[in-house]
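Scroll down for the structure; my scribbles are underneath it.
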Amino acid sequence: MAEANQACIFCQIVRNPTSTRLLHTDDKVVAFQDIKPAAQRHYLVIPKEHIPTVRDLQRRDEDYSLVSHMLSVGQALLQTDAPQTIHRFGFHQPPFNSVDHLHLHCFALPFVPRWKAIKYKSLGPFGGFIEAATLLEKIRPHRSLPSKGRYWSQCMRSSSPDSCLTGADVFMQQHSYLQNSTTVSKICFSEIK
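So the sequence shown is residues 10 to 202, counted in our numbering.
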């Protein structure tokens, strides 16, 4: 675990939670309302460990797990507090982050006032704001393909539909942080002859 940064305002909140009304706390993260909300609801979820920015995250299980957990916490908070609104989750990338401590912005839209939305736009290769799902794709650990003569193929090629999982089942197993899924084509395992 990285040492807490004495000058970091978010590390101070982690060390002294009585200074801020926490909406959630567990062994990995804390969540609280943004001091300058940009939307109907605007929460921040931060790791207790001092991680400066998204650029410090790597394709490691622990980083992927942390960001997934942060997203799950943010989703649960907004689902409880503002279930009828559109939700948005993401991170600022340097040099556009205001605090050098990783923090997930959780929004129940609309932005208030509307012009604040500009601060939460992606600037493509120049950084800006990155959606949480996009960041998770970037830091997803590399996995090897199934071995021992098995490969992924479309179910149309399979003679045994019972061996199939729906793409949504596989996707949801890999992305437990998502609550809703779209229809995905069926995927199955087939033996290579």
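C-beta atoms are modelled at their ideal positions from N, C-alpha and C, and glycine is treated no differently. These numbers were taken from a predicted model, which means no experiment stands behind them.
Per DSSP, reduced to three states, the secondary structure at Arg97 is strand. Secondary structure note for Leu32: it is in no alpha helix (DSSP H), and the uninterrupted beta strand (DSSP E) holding it is 31-34. Secondary structure note for Ile55: it is in no alpha helix (DSSP H), and the uninterrupted beta strand (DSSP E) holding it is 48-56.
Excluding its 5 nearest sequence neighbours in each direction, Lys130 has C-beta neighbours in its own chain below 8 Å: Gly137, Phe138, listed in chain order.
Ala40 counts as buried, since at least 16 other C-beta atoms from the protein chains shown sit within 10 angstroms of its C-beta. In this model, Arg64 and Thr29 are separated by some 27 Å (Cα to Cα).
Setting aside the 5 residues that flank it on each side, Phe19 is surrounded in the same chain by Ile55, Val108, His110, His112, each with a C-beta closer than 7 Å to its C-beta; the list follows chain order. A distance below 7 Å between beta-carbons, with the five flanking residues on each side excluded, links Leu80 to the following residues of its chain, in chain order: Phe98, Leu113, Ala141, Tyr186. Counting along the chain, the unbroken alpha helix (DSSP H) around Cys20 starts and ends at 18-24. DSSP places Val108 outside both helix and strand once states are collapsed to three, so it counts as coil. Between Val82 and Leu145, the C-beta gap is not smaller than 8 Å, which leaves the two residues out of contact.
In the three-state scheme derived from DSSP, where H, G and I count as helix and E and B as strand, Ile44 is classed as coil. Under a 10 Å Cβ-count criterion, Ala16 is classified as exposed, with fewer than 16 other Cβ atoms of the shown protein chains found around its own Cβ.
Collapsing the DSSP output to three states places Gly136 in coil.
Minimum Cα-Cα distance from Trp124 among the listed residues Ala47, Pro92, His96 corresponds to Ala47.
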